[in-house]
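To start, the structure itself, in structure tokens.
There are 2 protein chains.
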Amino acid sequence: MTIKKYETTKTIFKKVFNKETLKNRIPITRWLPRYSVSMWVQDCAAGAAVGATAVAQGLAYAALAGLPAQHGLYSGIAGGFVYALLGTCPTMSIGPTSIISALTAKYVQGLSIDFAVLAAFLTGLVQVALGVFQLGFLVDFISGPVLTGFVSGAALQIMMSQLKSLLGTNGGGGHSFVESIRNFFINITSVRPTDAVLGVSTILVLIVMKRLAVGCSREDKLVKRLRWYVSLARNVIVVVAGIIIAYVCHVTLGHDGTFKLIGDIHAGLPIVQLPPVTTTVGNVTYSLGDMLTTLGPQSLVIPLVAILEVVVIAKAFTQDVRFDSTQEIIVLGLCNMLGSLVGSMPVTGAMSRSALFSASGVQTPLAGVVVSLVIILSLSVLTSLFYFIPKAVLAGLIIVAVVSLIHLDEMRYLWRSSKREFTVMAITLVACLTIGLEYGVIIGVLIEICIVLFRIARPKIEVNFTVIATRDVLQIVVPENVTYCSGEYMRRFISRKVLEYDKNVLIVIDGTNMKSMDTTAAFNIMEVVKHVDKNIQVVFFSFVPEVRKKCLVLNCTFESKFVSGVSLEKFIGHSLDLA
Amino acid sequence: MTIKKYETTKTIFKKVFNKETLKNRIPITRWLPRYSVSMWVQDCAAGAAVGATAVAQGLAYAALAGLPAQHGLYSGIAGGFVYALLGTCPTMSIGPTSIISALTAKYVQGLSIDFAVLAAFLTGLVQVALGVFQLGFLVDFISGPVLTGFVSGAALQIMMSQLKSLLGTNGGGGHSFVESIRNFFINITSVRPTDAVLGVSTILVLIVMKRLAVGCSREDKLVKRLRWYVSLARNVIVVVAGIIIAYVCHVTLGHDGTFKLIGDIHAGLPIVQLPPVTTTVGNVTYSLGDMLTTLGPQSLVIPLVAILEVVVIAKAFTQDVRFDSTQEIIVLGLCNMLGSLVGSMPVTGAMSRSALFSASGVQTPLAGVVVSLVIILSLSVLTSLFYFIPKAVLAGLIIVAVVSLIHLDEMRYLWRSSKREFTVMAITLVACLTIGLEYGVIIGVLIEICIVLFRIARPKIEVNFTVIATRDVLQIVVPENVTYCSGEYMRRFISRKVLEYDKNVLIVIDGTNMKSMDTTAAFNIMEVVKHVDKNIQVVFFSFVPEVRKKCLVLNCTFESKFVSGVSLEKFIGHSLDLA
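Chain order of the listed sequences is A and B. Quick note, the first sequence lines up with residues 1 to 579 if you use full-length UniProt numbering. Quick note, the second sequence lines up with residues 1 to 579 if you use full-length UniProt numbering.
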């Protein structure tokens, strides 16, 4: 016994730690041996391009989340290293994203940075747990309509929250779309023309530069290739242009009041420290418990939405069916947990940067390390330049980034193909805009689940009345899977249906399509016999052996009522012969 | 237009207020015109028998809920009148029941009577709402295994809580089974021999009297008929015997210390007043909000469990398929709401009294009025007698009543037919005993729902590899209903499956069994084409027109990939001919 046990342990050990598992769990072992200089060059080029964009977006998303600018950059560091080691999808760029930043904003506004960092740690913890316990399938419960409503709602809220910076008005942003609108109109008289002009120009320039790439690619000739490169670098270009404009104004006018600037950024690398377990806001000290309570439903919504973004990117950019979502979820969790050690907010895969990676011809996840190095470099030497970035430019950059998230085409499609699903989308959207993004998505998911449960509880039952060999037959076709919640309904449905027919009718409860039935439903189906007239014959036709057994354990005297392995016509013919 | 509108309104008016609807909504209009003297005699006899039992049980269940004895009697009054007017099932006896009393106990213990009365009002309100909004199907989500676990747990908790009164020990009862056990063993040295002997004797006598009826019926000859009557009246007999014993001790010994008695009962009818909206416990004043918060999850668990008891009784005692559960739910709600005006705790249909009604040959719901009158009579003239009821007798009565709720046979059946369902039952039972009854049933229901959702998210997909007319065919049979949460899974499942086969394989996504598919799933199924090798041909076979339309709106270029109205063999033969 001992030897066998030892062997089993050894086998398990072998199974867990063999080469194949290693390759799957630590994918860098899969591609690093085959790594070449040309791949390194391509990764470096792609990494530099995405790195520059990541810096611009990092600063912008920090503003969106209401964090000091350097935290936006901190958020981009850990992901690159962790994902290079453990990630599978080369095009995945882990870092801050507009939607996650908007979800985080709620807790920074009026509170402290510590909440964002703790949220990152918690997000990571929840994701690792979801991965380890194979609960990644939970994101499947965010349906297409709910996702459309949520993402569109997030985009609208983000755009609204950025109007303030875009036009240079005073006042706060607001927790939701509705609040942002109200705050904006209250302060509309404080629009600063300089910021407004710069902000709107940024948007126009970005739109034009985005169009530049149409019909161009990296393989084209000089002009077209240049257009393509300029288009890809558009985020960096507008930020650099913004810095130059602000700096020129600073030098020529001798003051910084022309535009609202992001101002001083803490230079240098972040200090590595454990995530905060207490924090002080004004005079109030929050214990860990208070902080967790404040984070509330976000602690599940942020991890799930983050996972969803990664899944969507993986689906868009990888044809590899070996893509292991469990692995990705755990890796994303580790990115968040390790990120929180260096002052990161919650992060996930960013669609815009992943698209840039893909366009730049990225080869391996090592490019992510290059991105992280670019961010670290900029933190070390460029922060004094970042001082001059006008807030209006960042706002313009964010607005253009999120406008593509409003999927009017999908809304139109839902309207055309299913009014029900359109309604779910609309409710989610409205809830996101009024109550808040996290509640919107929760409400949407709950509505979808209720619809699913209602359908299971009230399945459509097919009823056919036929005459087979002179015998009146009422054939009731049982659905594929019968669960407890529909058992009672089916019993009553059948009992009522029978009332419409003559007492000589033969009731055939046809289980041909049925694959499973639980005991509660089995009990109810058997009860039909008790609840119809005593003279009416009931036959349970073609039940799978497993269900048949379940029923017979309940009432073994019904054995003769179960008929299978013979056609209905033959059975009826035979029973008429006997009679 | 106006005329048409008027007519429509008139039609609706006619539809709502016609004779048939009246008969369905106010069932007394259905049976009262046909009421006869002989029916009246039978109803009176049955009502008197059940009424006497209702008094005994009312006093016992008040003790179980921790309420003053008179409230147990108040709880039995309103139901009889309301149900006679609006109820459909003659055997239904509305009043306090052991399980609902146990659920109520939690809020009376350490708090005040007002909580029980408010709970009755809220229970009624929720039930009427559930009925009006057709949400009665929610009780279907309490599956057989959860119900078995819950009811058995409730029975065990009730028995444990009554040990204290049965043996006359000191100390409190406890909120849960575990607490009751602990409190009992802490106080075990305070067992009073007199109470213990009386209590245990009550149990033995009740068991013997229950057995008396075996093989006897109302139609039998004198001795057998007498045995049958004695057996039916056993609850009343032990209470009367208890009173006599206590009274004799009182007279002979000159004091009441021999047994713990229920003591003074407030005589007379209850005062009609609105349910309490504030209450004071000790020095603490509870506002309506505080009271509702304290009631917490009970406010949904009590109404649903109450509805379930009514449904179970209706199923056991009525063969009438016209039984309208919506009507019954609303009536039960009205019973509770009106009951709360006369100081009732939450009530529902009582299985034991309904069985007694049935055995006594009840004819119409009017018998319920007789029951109410018996209770009112006893409140008016018998309360001085009730003073002498020993607590141990009531405890014995309760214990015998609930022991039949422990369904060991069902547990055994679950074990034999499905280990999964047995586990759900066991978890529910353990949660009921440790955390509390209401949480136990909630946990059980949530587990069942999670299992259902998981199955929908991860359906079993049938895959067949066949060769049809020299062509390799991979047939993937789509389940009956495909919902959004399984779409992504199916896409990946199919894409991976295809890898196992040659590139010349024809993939047939067979929708023959499929009845519905939502847009999220449709999108994912269509994506399969994108995620398999470009040389592999994919055919969507035999999709219902509705789903086909949904898919084509997404991507109209796929029209040629949809094949229906032809057998698979014919289609493949034809396509080979073309090639």
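Where is the CB? At the ideal position from N, CA and C, for every residue including glycine.
| query | result |
| --- | --- |
| Are the region 401–409 of chain A and the region 417–432 of chain A touching by the rule of at least three beta carbon pairs closer than 8 Å? | no |
| What does B:R416 reach in chain A if we use C-beta pairs closer than 8 Å? | V553 |
| Taking the straight line between their C-alpha atoms, what separation do you get for B:G79 and B:S201? | 33 Å |
| Mind listing which residues of the region 129–145 of chain B have their C-beta closer than 8 Å to chain A's C-betas, in chain order? | F137, D140, F141, S143, G144 and P145 |
| I'd like the list of long-range same chain contacts for B:D518, defined as Cβ closer than 7 Å, with 5 residues on each side in sequence excluded. | T483 and Y484 |
| Quick check on A:F388: does DSSP put it in helix, strand or coil? | coil |
| Taking just the CA atoms, how far does A:I313 sit from A:A350? | 8 Å |
| Which residue from B:V529, B:F115 and B:E559 puts its Cα closest to that of B:F543? | B:E559 |
| Step through the CB atoms of chain A and report whether any lies within less than 9 Å of the CB of B:P270. | no |
| Is the distance from the Cβ of A:A522 to the Cβ of A:G565 below 9 Å? | no |
| Thinking C-alpha only, which one of B:R234, B:L366 and B:A63 is nearest B:V208? | B:R234 |
| Do you know offhand how far A:L446's Cα is from A:Q327's? | 27 Å |
| Does any CB atom of chain B fall closer than 9 Å to the CB of A:E328? | no |
| Hey, A:A129 and A:L138: beta-carbon distance below 9 Å or not? | no |
| B:G124 and B:M291 look like a contact to me (Cβ under 8 Å); what is the Cβ gap, rounded to whole Å? | Not a contact, Cβ separation roughly 16 Å. |
| Contact check, A:L103 vs A:L437 under 8 Å by CB: the rounded distance? | 6 Å |
| Taking CB distances under 9 Å as the criterion, tell me whether B:K5 reaches chain A. | Since pLDDT at B:K5 reaches only 46, below the 50 mark, its modelled position is unreliable, and no value is offered. |
| Can you check whether the C-beta of A:K561 is within less than 9 Å of a C-beta belonging to chain B? | no |
| Could you tell me whether any Cβ in chain B is nearer than 9 Å to the Cβ of A:D518? | yes |
| Along the region 502–513 of chain A, where does the CB come closer than 7 Å to a CB of chain B? Name the residues. | N513 |
| Which same chain residues end up closer than 6 Å to A:F357 when comparing Cβ atoms and leaving out the 5 residues on each side of it in sequence? | A46, V50, T91 and S93 |
| Can you list the residues of chain A that B:V529 reaches, using a CB-CB cut of under 7 Å? | Result: empty, since nearest Cβ-Cβ is about 12 Å, beyond 7 Å. |
| Using a Cβ-Cβ cutoff of 9 Å, what residues of the region 257–287 of chain B are near chain A? List them in chain order. | none |
| Measuring only the C-alpha atoms, how far is B:V281 from B:I113? | 10 Å |
| If we count the other Cβ atoms within 10 Å of its Cβ and call it buried at 16 or more, is A:C556 buried or exposed? | exposed |
| Would you call the CB atoms of B:Q109 and B:V362 closer than 9 Å? | no |
| Buried or exposed for B:K260, please, with buried defined as at least 16 other CB atoms from any protein chain shown within 10 angstroms of its CB. | buried |
| Let's test the definition: count the other Cβ atoms within 10 Å of the Cβ of A:T278 and tell me whether it reaches 16, buried, or not, exposed. | exposed |
| Please state whether DSSP places B:L138 in a helix, a strand or coil. | helix |
| CB A:I398 to CB A:L64, shorter than 9 Å? | yes |
| Which class does B:D409 belong to by DSSP, given the choice of helix, strand or coil? | helix |
| Counting only runs that start and end within the region 126–198 of chain B, where is the alpha helix (DSSP H) found for 4 or more residues in a row? | 144–167 and 177–186 |
| For B:S217 and chain A, any beta-carbon pair shorter than 9 Å? | no |
| Determine, using beta carbons only, whether B:C44 comes closer than 9 Å to chain A. | no |
| Report the neighbours of B:E421 on chain A: residues whose CB is nearer than 9 Å to its CB, in chain order. | Y484, D518, T519 and T520 |
| Among residues of its own chain, excluding the 5 on either side of A:A457, which ones have a beta-carbon nearer than 6 Å to its beta-carbon? | C485 and S486 |
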